[in-house]
Amino acid sequence: MTGEARDNGDSVAGPNDCDSKPQFLIVYPRNEESYWQPVPANGYAAVHVAPHLVSMQRPFSAGTQTVPPGGFVRLHAHAESEEMLHFVRGNGKAVVEGRDYRIEPGMTVFLGPQQSHTLINDGTEDLHWVWFFLPSGLETFFKAVGRQRSPGDDAPDAFARPENVSAIEASTGFLPAAVNRPR
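Here the sequence shown is numbered in the working numbering, starting from 2 and rising by one per residue.
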């Protein structure tokens, strides 16, 4: 939605620039892009800010991810991107560069390029965090491996990652799997 900003609960985008992208964006929780995620993470990821949604000088993306009990984000690293995670709800374990750290609400993790990490929900409730990613690309990964989700939808049955997941990862800045082992 572009034009005059109104606080009616719908996402709002500001006036467009010469590239036809808005100059500001306000996203309400029921209007973000959202994608169910395959095993082993399960849960879902939501994209709130990304270059395809709003004009920006430095392409970054931001959103949220929710992983249910027993789910985990597999071990991986990003070739050039920096990632910041801020945990809002739940408990679990982050393994960064082979070292375990307990996750609790209020915890923040910053990951520079090529830092191997995995996030494990070993708690009893959903693990929920906010993520920031620079340069962007994580939003493209979530869409490519996931399935469209609307807030309030029931979770689908567990589904496998796409067969071409290695190509998707390579195109979105993930390091090859062999590089993703803790040092």
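Note that beta-carbon positions come from the ideal geometry of N, C-alpha and C, so glycine has one too. Predicted model, so just to flag it, every value in this text is computed and none were measured.
Proximity of residue i and residue j at Cβ, strictly below 8 Å
i	j	result
Pro52	Pro60	yes
Trp132	Met57	no
Ala80	Leu139	no
His129	Arg90	yes
Pro23	Pro152	no
Residue i burial status per 10 Å Cβ neighbour count (16 or more: buried)
i	result
Asn165	exposed
Gly88	One detail in the question is off: residue 88 reads as Phe in this sequence, not Gly. So Phe88 counts as buried.
Thr67	buried
Ala156	exposed
Ala14	buried
Ala159	exposed
Same chain, Cβ closer than 7 Å to residue i, neighbours up to 5 away in sequence not counted
i	result
Ser172	none
Ala36	Correcting the residue identity first, residue 36 is Tyr in this sequence and not Ala. Excluding sequence neighbours, Tyr36 sits near Tyr45, Ala46, Phe143, Lys144, Gly147, Arg148, Gln149, Arg150.
Thr141	Thr173
Ser21	none
Asp154	none
Spatial neighbours of residue i in its chain, beta-carbon cut-off 6 Å, leaving aside the 5 residues before and after
i	result
His49	Val28, Glu33, Ala63, Gly64
Ile121	Phe73, Gly93, Lys94
Leu112	Glu84, His118
Met108	Phe88
Ser167	none
Reference residue i, options the options, closest by Cα
i	options	result
Phe134	Leu176, Pro114, Asn43	Pro114
Ala161	Asn43, Ala14, Phe25, Lys22	Asn43
Glu126	Ala14, Pro136, Pro70, Pro23	Pro70
Pro136	Gln24, Val13, Glu83	Glu83
Supposed contact pair residue j and residue i - C-beta distance, whole angstroms, cut 8 Å
i	j	result
Pro41	Gly72	6 Å
Beta-carbon proximity list for residue i, same chain, < 8 Å, skipping 5 on both sides
i	result
Pro163	Pro39, Ala145, Val146, Ile169
Asp101	Lys94, Ala95
Arg124	Reading the sequence as shown, one finds Gly at residue 124 and not Arg. Contacts found: Pro70, Gly91, Asn92, Gly93.
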